[in-house]
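Colleague: Chains as they are written, first to last, in this note's numbering: chain E, 265 to 414; chain Y, 31 to 116. The structure that follows is given in the form of structure tokens.
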């Protein structure tokens, strides 16, 4: 399942609730997950807030495609991707990827694959607001590129 | 058929995101599809008055596309900078 949220969420709560509603208890032997949170520092500058933009329609479609692709490559019971948009503050969860499978190999590898594909191809854009010094006006800047996780 | 409908059938919806949206000063515009065959044709027309130095990605009908990809009336074409989600 893919969910885009414009308000803060608790990834552990969402994951637990999803797992209960999945009704696959006893079938899965592994759940791998990744949670990405916002840092208060980037490229040597202090960041106060961040605005996350997406392409409504294409973003959801692309994330569904990533999940389908993972399901073709590994034996999965279920996958969940939750991603924030809108205004974020340091320590806010940005993304949750959770994958359930019978064995850890499939869960670990699929979770990594989904996350890396999301980072490099899913249409999201981050704009940071930097903390200003000495009464200077607040500076905003777009994050230009994601670094590779491999 | 009404005039506005004819115009609508002849147009291509063009979307901009993130820094490109700011640079172009709008999120969306409609262009006439006459003479448009590919994404490159659309880009040439809309970027005419802008000096775009950043890397630009594109999509047609919400699927990643290339500059050579075909575009026809009624399509939705989007231009955006490299993605930075997650």
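Where is the CB? At the ideal position from N, CA and C, for every residue including glycine. These figures come from a predicted structure and were not determined experimentally.
1) Just curious, the beta strand (DSSP E) that residue 70/Y is in, first and last residue?
2) Verify whether the separation of the beta carbon atoms of residue 266/E and residue 331/E is less than 8 Å.
3) Please go through the same chain and pick out, in chain order, the residues whose beta-carbon is closer than 6 Å to the beta-carbon of residue 108/Y, but skip the five residues on each side of it.
4) How about residue 387/E: is its C-beta nearer than 8 Å to some C-beta of chain Y?
5) I need the DSSP call for residue 370/E, collapsed to helix, strand or coil.
6) Classify residue 387/E as helix, strand or coil using the three-state DSSP reduction.
7) Once the 5 residues before and after residue 384/E are set aside, which same chain residues still bring their CB inside 7 Å of it?
8) Whole-angstrom Cβ separation of residue 268/E and residue 318/E, contact assumed at under 8 Å?
9) Report yes or no: do three or more beta-carbon pairs, one from the segment 358-372 of chain E and one from the segment 330-348 of chain E, lie closer than 8 Å?
Modeller: Per the coordinate set shown:
1) Careful: residue 70/Y lies outside any beta strand (DSSP E), inside the alpha helix (DSSP H) at 69-77.
2) yes
3) These residues qualify, in order along the chain: 45, 89.
4) yes
5) helix
6) For residue 387/E, the three-state secondary structure derived from DSSP is coil.
7) 410
8) At roughly 6 Å, the Cβ-Cβ gap stays under 8 Å, so residue 268/E and residue 318/E are in contact.
9) yes
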